[in-house]
Amino acid sequence: MTRPPWRRGWESFTIYLPVILMGLMALASWWLVRNAPSALPSVAARAPVHEPDYFMKDFSVQNFDAAGRMTRQLQGQMARHYPDTDTLEIDGVQIHAKAPDGRQTRATALRGLSNGDGSEVQLFGNARVTREAMQLPDGKRSPELRFEGEFLHAWTNEERVLSDKPVVLWRGTDRFTADRLDYDHLEQVMQLNGRVRGVMQPAPAAAAGR
Numbered sequence: 001m002t003r004p005p006w007r008r009g010w011e012s013f014t015i016y017l018p019v020i021l022m023g024l025m026a027l028a029s030w031w032l033v034r035n036a037p038s039a040l041p042s043v044a045a046r047a048p049v050h051e052p053d054y055f056m057k058d059f060s061v062q063n064f065d066a067a068g069r070m071t072r073q074l075q076g077q078m079a080r081h082y083p084d085t086d087t088l089e090i091d092g093v094q095i096h097a098k099a100p101d102g103r104q105t106r107a108t109a110l111r112g113l114s115n116g117d118g119s120e121v122q123l124f125g126n127a128r129v130t131r132e133a134m135q136l137p138d139g140k141r142s143p144e145l146r147f148e149g150e151f152l153h154a155w156t157n158e159e160r161v162l163s164d165k166p167v168v169l170w171r172g173t174d175r176f177t178a179d180r181l182d183y184d185h186l187e188q189v190m191q192l193n194g195r196v197r198g199v200m201q202p203a204p205a206a207a208a209g210r
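Here it is as structure tokens:
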């Protein structure tokens, strides 16, 4: 039986239909890619700015060792934290540090710039760092040591004080002045530079009968 022409045409069309559909899909994909909106230009990363991200008022921060003993206390009237430098700017700064041997150091100033835990601090305006007197293991007494000036840079862990500004140093009742100071207690080294002057008091006389 002879098939009608229209049926032969339909069968031919169905054979090529998958190829035709794939071609149409490829053409549609090309059109979509060509007419898709271009990607937005990347936004440049914002450079860090020196602005505080939090404040503290009439605060006190304490650090403790593994045995639970307080090693350092940082306090002040107002503090501003700057995330770009991870520093605290403190008004009316006060620091109290205690060394492993029990020696205590106190630092005060009108303004301070400190790292997070107060182990390094720059003191501005009426700055003072005092290392308290202490009885040494050999029985001798280490006199109080006090540094005064408009700028002092102190490291409480290393017990070091540095300044490139005029300073006054008190060692007990002895008084020294200098244009610059570099004091390292752990290394037992003190450098006074510039115009250095000192007034040393005589040691107290031994008690009668000794």
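Residue 210 is where the sequence shown ends in our numbering, and the numbering goes up by one at each step. Even glycine gets a Cβ: it sits at the ideal position worked out from N, Cα and C.
In the three-state reduction of the DSSP assignment, Ser119 falls in the coil class, being assigned neither a helical nor a strand state.
Between Ala109 and Leu123, the CB-CB gap stays under 8 Å.
Shown here for Thr173: same chain residues with a beta carbon closer than 7 Å to its own, the five before and five after excluded, namely Gln201 in chain order. Non-local beta-carbon contacts of Gln104 in its own chain, meaning distances under 6 Å to residues more than five positions away in sequence, involve Lys98, Glu132 in chain order.
Within the same chain, Gly149, Glu150, Phe151 come within 7 Å of Lys165 by CB-CB distance, once the 5 residues on both sides are set aside. Taking the Cβ atoms as the reference, Trp170 lies roughly 15 Å from Arg141, outside the contact range of under 8 Å.
Per DSSP, Gln75 is one residue of the beta strand (DSSP E) stretching across 70-82. With fewer than 16 other CB atoms across the displayed protein chains lying within 10 angstroms of its CB, Tyr54 is exposed.
The beta carbon of Gly125 sits closer than 7 Å to the beta carbons of Ala109, Leu110, Arg111, Glu150 from its chain, once the five residues preceding and following it are set aside; these are given in chain order.
Boundaries of the beta strand (DSSP E) harbouring Asn193: 189-193, taken from the DSSP string. Counted as a single uninterrupted DSSP element, the beta strand (DSSP E) harbouring Gly92 occupies residues 87-98.
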